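S.K.: Please find one structure pasted underneath; my questions will follow.
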Amino acid sequence: MAMIETPANTVFDAGNCPVRDVFSHIGDKWASLILQTLGFRPRRFGELKRAIPDISQAMLTGTLRSLQRDGLVHREVFPTQPPSVEYSLTELGQSLLGPVAALVVWTAEHHGRIREARALYDSDNPPVKKKVAAA
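So that you can map any letter, position 102 of the sequence shown is 92 in our numbering, and since no number is skipped, the others follow by simple counting.
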């Protein structure tokens, strides 16, 4: 297995770690699905919503804004009546498609083993009950 070497003095705190900084935005399930969907062609908001039916409108809006802020997605407003908006990947966003696709392939190849491991773990470990905060 290939490992990425990091200097011994690398600090993975939130303020200094580029991995934590970037993965906090692109590492969630919605961002990766949006990036993949936009990888085929630009899409309007409604098209994205139909392509990813489980995502709420608020989550889609928030994730698109986060991806725009990171320079991965471009939002273009067309002067039509009513105005229409189209989302596309930027050059930076396009450069992320390969790594995202590799992760998707890895996930598809190993999903069964992960589910088996979860089931084995769950059979040996009772679920943790969440504590209810006192009112």
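For every residue, glycine included, the Cβ atom is placed at its ideal position computed from N, Cα and C.
Given the structure is predicted, the values throughout are model-derived calculations rather than measurements.
Is it buried or exposed, I24, if we count other Cβ atoms within 10 angstroms and call 16 or more buried?
M.R.: buried
S.K.: Does the Cβ of S14 have 16 or more other Cβ atoms within 10 Å, making it buried, or fewer, making it exposed?
M.R.: exposed
S.K.: Whole-angstrom Cβ separation of T51 and V63, contact assumed at under 8 angstroms?
M.R.: Not quite, the Cβ-Cβ distance comes to about 12 angstroms (not below 8 angstroms), so this is no contact.
S.K.: Quick one: grab the DSSP three-state call for V118.
M.R.: coil
S.K.: Report the option in L82, F68 and R105 whose CA atom is closest to the CA atom of G29.
M.R.: With respect to the C-alpha of G29, the residue from L82, F68 and R105 having the closest C-alpha is L82.
S.K.: Taking L28 as part of the alpha helix (DSSP H), name the residues at either end of that continuous run.
M.R.: K19 to F30
S.K.: Below 8 angstroms, how does it come out for the stretch 108 to 124 and the stretch 39 to 49: are there three or more Cβ pairs, yes or no?
M.R.: no
S.K.: Buried or exposed: where does S22 fall if 16 or more other Cβ atoms within 10 Å of its Cβ makes it buried?
M.R.: Buried is the call here.
S.K.: Answer yes or no: do P32 and E76 have a C-beta to C-beta separation smaller than 7 angstroms?
M.R.: Yes, Cβ-Cβ distance for P32 and E76 is below 7 angstroms.
S.K.: Can you give the Cα-Cα distance for D18 and S56, rounded to whole angstroms?
M.R.: 11 angstroms
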